[in-house]
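Following my numbering, the numbering of the sequence shown begins with 3 at its first residue and continues without gaps.
First the structure, in the form of structure tokens, and then the observations on it.
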Amino acid sequence: MRFLQGYFVMLSRRSVIMGALVASASFPTVARAQNPPAGRTEGNAAGRTILELQRRNIQVNGKPASVYGIRQPDGTFGVTTDVGKPFRVRVENKIDKPSLIHWHGLTSPWQQDGVPGVSGPPIPPGGTADYDFPLRFGGTFWMHSHQGLQEQLLMAAPLIIRDQRDRPDQQEIVVMLADFSFTPPDQIFAELKKSGSEAPPVAQPVPRAGPPPIAKKASMAGMAAPGAAAKPDLNDVKYDAFLANDRALADPEVIKVEPGARVLMRIINSSSMSAYHIDLGPLEGELTAVDGFAVTPVRGRNFPIAVAQRLDIRLAIPRAPASHPVLAVLEGDSKQTGVILAAGNAPVARIPELAKMPSSALTLDLERRLRAVRPLTPRKADRVHTINLTGDMAKYLWSLNNVAWTPNVPPLPISNGERVELVMVNQTGMPHPMHLHGHEFQVVEIDGKRFPGAVRDTVLVPPGRRVVIAFDANNPGLWAFHCHLLYHLGAGMFTPLKYV
Ligand SMILES: [Cu+2]
Numbered sequence: 003m004r005f006l007q008g009y010f011v012m013l014s015r016r017s018v019i020m021g022a023l024v025a026s027a028s029f030p031t032v033a034r035a036q037n038p039p040a041g042r043t044e045g046n047a048a049g050r051t052i053l054e055l056q057r058r059n060i061q062v063n064g065k066p067a068s069v070y071g072i073r074q075p076d077g078t079f080g081v082t083t084d085v086g087k088p089f090r091v092r093v094e095n096k097i098d099k100p101s102l103i104h105w106h107g108l109t110s111p112w113q114q115d116g117v118p119g120v121s122g123p124p125i126p127p128g129g130t131a132d133y134d135f136p137l138r139f140g141g142t143f144w145m146h147s148h149q150g151l152q153e154q155l156l157m158a159a160p161l162i163i164r165d166q167r168d169r170p171d172q173q174e175i176v177v178m179l180a181d182f183s184f185t186p187p188d189q190i191f192a193e194l195k196k197s198g199s200e201a202p203p204v205a206q207p208v209p210r211a212g213p214p215p216i217a218k219k220a221s222m223a224g225m226a227a228p229g230a231a232a233k234p235d236l237n238d239v240k241y242d243a244f245l246a247n248d249r250a251l252a253d254p255e256v257i258k259v260e261p262g263a264r265v266l267m268r269i270i271n272s273s274s275m276s277a278y279h280i281d282l283g284p285l286e287g288e289l290t291a292v293d294g295f296a297v298t299p300v301r302g303r304n305f306p307i308a309v310a311q312r313l314d315i316r317l318a319i320p321r322a323p324a325s326h327p328v329l330a331v332l333e334g335d336s337k338q339t340g341v342i343l344a345a346g347n348a349p350v351a352r353i354p355e356l357a358k359m360p361s362s363a364l365t366l367d368l369e370r371r372l373r374a375v376r377p378l379t380p381r382k383a384d385r386v387h388t389i390n391l392t393g394d395m396a397k398y399l400w401s402l403n404n405v406a407w408t409p410n411v412p413p414l415p416i417s418n419g420e421r422v423e424l425v426m427v428n429q430t431g432m433p434h435p436m437h438l439h440g441h442e443f444q445v446v447e448i449d450g451k452r453f454p455g456a457v458r459d460t461v462l463v464p465p466g467r468r469v470v471i472a473f474d475a476n477n478p479g480l481w482a483f484h485c486h487l488l489y490h491l492g493a494g495m496f497t498p499l500k501y502v
């Protein structure tokens, strides 16, 4: 834990500097009153949605678990709002630790982005922070703590922005996926660093010792693609449960739907470390958006979702009464979670927590096929940064261009008005879901092939792959760019981008 503590000591030193910047900026977001008395906060909460950061108890496999949550005073998780309205929120920190919430996928002013030590200081226990910025676009987003390892304890919630795509004749169902362990997150991290990984430092066709096995068919499929690396190293953390809306499949959420109804599934992968294949069973779905942004619809029964990504999937519920499981199968494994859609008076069958077959590792097969409904204007890049995804598996050190981030690492420079491309080359044996803050980007190249791919905020870069994203630098400030696997982020797989 020494390394982790050192990391946060440096973070908090940086907070002091960044805090001074925040104070002088036009959006002074974090109330600087330390531990204000109950009932008294800086400014006026009128017209703001209150979000409380709370401790709460859930049951996992029949055992009580103390986790975090982000809820409104009436118990609503997260926020549902409309495009065009301002995002006016007050966050009240009611836990006994500092915290700060990131609005994942939104393009707020940088001081309101919620990354401790980059956007501003964390909110102390008992403190509050106010947010107010316009919502430029709608879609399925989410919010989560960017402080320490709080995300592993479910400090996350949906952030849904309705827009013209939402139809009154359609039932919306939000599914938050999470990985859960009874082991405290700092202990998980310490054990990862102690034991390292069994995998080789670079992607090689070396059989991996121990579970989970990867389906032979899947790795063959992976091998068939040009330049493909062999079996990736997956699922380093052995979780106790996988949750959909806080519940495992032993006691899943059963959601009533009308026979013949149209349903929009908003699936949010809020897991710290786990990617899934969404399995619709016999139902065919229509994927209409990724990370909130519309794509040319793709029909299918199985869709991959990496950590931090979202899928909007439309379903037409058959007229005959039946129950329809919507499952998420862990990649490279057979563990699964999910919810049950119950249409009419049909019995709800118990779904086993293991799928019949282990699934494959996630690939970029779908990513390659995705096409943004509103792509970026074609334009030559003014600036290109090549970012090698690097790591030392044995020591569980993760880095960008072989540098594990500290506040002394200079940010990557970009300038207002530029078209920027980030070339990500994964030199490790693990897949990394890479997330850019404050800007939506477009996937424009995979392994040397240009194409006008999806607009989104998180893209998977599997082992040995090269993925290029493009974005318009139109939101000046200091922004985080990082791997969204929580313990990779904690180890330093992170860099800021700074407008210069
Ligand atoms: Cu990573």
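All C-beta atoms, glycine included, are put in the ideal place defined by N, C-alpha and C.
Run of the beta strand (DSSP E) containing residue i, from where it starts to where it stops
i	result
P66	65-73
L289	287-292
A456	Element bounds for A456: n/a, residue is neither H nor E.
Q61	51-62
E94	88-95
Residue from the options whose Cα sits closest to the Cα of residue i
i	options	result
P478	Q114, H104, P100	Q114
A456	T290, T408, K196, T392	T290
P415	F483, I448, K96	F483
L236	P360, D248, E288, M267	P360
P498	Q429, G393, P413	P413
A374	D171, D335, R458, G77	R458
A322	N304, L356, L161, L285	L285
V480	V502, R352, H486, M495	Looking at the sequence itself, residue 480 is Leu, so the reference to Val does not match. It is V502.
T109	A475, L487, G129	A475
Q56	D384, G49, G64, Q74	Q74
G450	W407, G393, R370	R370
G302	A296, Y133, A310, I315	I315
V120	P170, V411, N390	V411
P380	F191, P299, A472	A472
P320	L329, V297, V331, A348	A348
G419	K382, D394, N404, R452	K382
E193	A396, S417, G440, P409	A396
G141	G49, N59, L313, D188	L313
G534	R352, V300, K358, Q311	With the chain covering 3 to 502 only, the question about residue 534 has no answer from this structure.
E355	K337, L366, L372	K337
H104	L487, P454, R352, H439	H439
P327	P299, R50, P118, A252	A252
N390	S197, T430, P111, L368	T430
D134	P88, L366, Q172	P88
Q172	L372, V331, L317	L317
P299	L372, D84, F453, L378	L372
L378	G86, R421, K195	R421
Any chain B beta carbon closer than 8 angstroms to residue i
i	result
D384	The structure shown has no chain B; it contains just one protein chain.
Start and end residues, alpha helix (DSSP H) containing residue i
i	result
A493	488-493
D367	367-371
S503	In the structure as shown, the chain starts at 3 and stops at 502, and residue 503 therefore has no counterpart that could be examined.
I190	187-197
Residues near residue i in its chain [Cβ-Cβ closer than 7 angstroms; skip 5 each side]
i	result
S272	W144, H146, A158, M178, L179, A180
P215	The pLDDT assigned to P215 is 34, lower than 50, so where the model puts this residue is not dependable; a value taken from the coordinates is nonetheless given after this. Same-chain partners within the cutoff: P360.
I125	V32, V93, N95, P100, S101, L102, A131
G107	F143, D293, G294, D459
F1	Nothing can be reported for residue 1: it is not among the residues displayed for the chain, which extend from 3 to 502.
A310	H106, N271, P435, H437, T460, H486
G49	R90
R138	T109
Cβ-based neighbour list, residue i, same chain, cut-off 6 angstroms, excluding 5 preceding and 5 following
i	result
L1	Examination of residue 1 is not possible in this model, given that the chain is present from 3 through 502 alone.
V350	V256, S325, I342, A344
V176	P160, R268
P503	For residue 503 there is no data in the structure shown, the boundaries of the chain being 3 and 502.
Same chain only: Cβ atoms within 8 angstroms of residue i, ignoring 5 sequence neighbours per side
i	result
P433	P234, L236, A277, A308, A363, L364, L462, V463, P464, P465
K99	P127, Q149, G150, Q152
S26	With a pLDDT of only 31 at S26, under the threshold of 50, the placement of this residue in the model should not be trusted, and no figure is reported.
V62	F182, F184, D242, A243, L245, A250
F496	L402, W407, A482, F483, H484, C485
F67	It should be noted that the sequence gives Ala, not Phe, for residue 67. Taken in chain order, the residues that qualify are N59, I60, Q61, F182, F184.
| Validate contact between the segment 251-263 and the segment 152-167 using beta carbons, cut 8 angstroms, 3 pairs | The segment 251-263 and the segment 152-167 do not touch, with fewer than 3 CB-CB distances between them shorter than 8 angstroms.
| Does the segment 417-425 touch the segment 276-286, meaning 3 or more C-beta pairs lie closer than 8 angstroms? | Short answer: they don't touch.
| query | Looking at C-beta atoms only, is the number of pairs between the segment 466-477 and the segment 291-302 that lie closer than 8 angstroms three or more? | reply | Using a C-beta cut-off of 8 angstroms, the segment 466-477 makes no contact with the segment 291-302, since fewer than three inter-stretch Cβ pairs fall below that distance.
| Just checking, does the segment 393-410 make contact with the segment 477-496 on the three C-beta pairs under 8 angstroms criterion? | Contact between the segment 393-410 and the segment 477-496 is present: 3 or more CB-CB pairs across the two stretches fall below 8 angstroms.
| said: To test your reading of the DSSP string, which unbroken beta strand (DSSP E) runs of 3 or more residues are found completely within the segment 308-334? | reply: The segment 308-334 contains these whole beta strand (DSSP E) runs: 312-318, 324-332.
| message | Taking contact to mean 3 or more Cβ pairs, one atom from each stretch, closer than 8 angstroms, check whether the segment 443-453 and the segment 79-93 are in contact. | response | The answer is no - the segment 79-93 does not touch the segment 443-453, with fewer than three Cβ pairs under 8 angstroms.
| If you scan the segment 391-422 from start to end, which runs of the alpha helix (DSSP H) of 4 or more residues do you find wholly inside it? | Complete alpha helix (DSSP H) runs here, min 4: none at all.
| field | Residue ranges of each beta strand (DSSP E) within the segment 100-170, 3 or longer | value | If only uninterrupted beta strand (DSSP E) runs of at least 3 residues are considered, those enclosed by the segment 100-170 are 103-106, 130-136, 141-147, 158-164.
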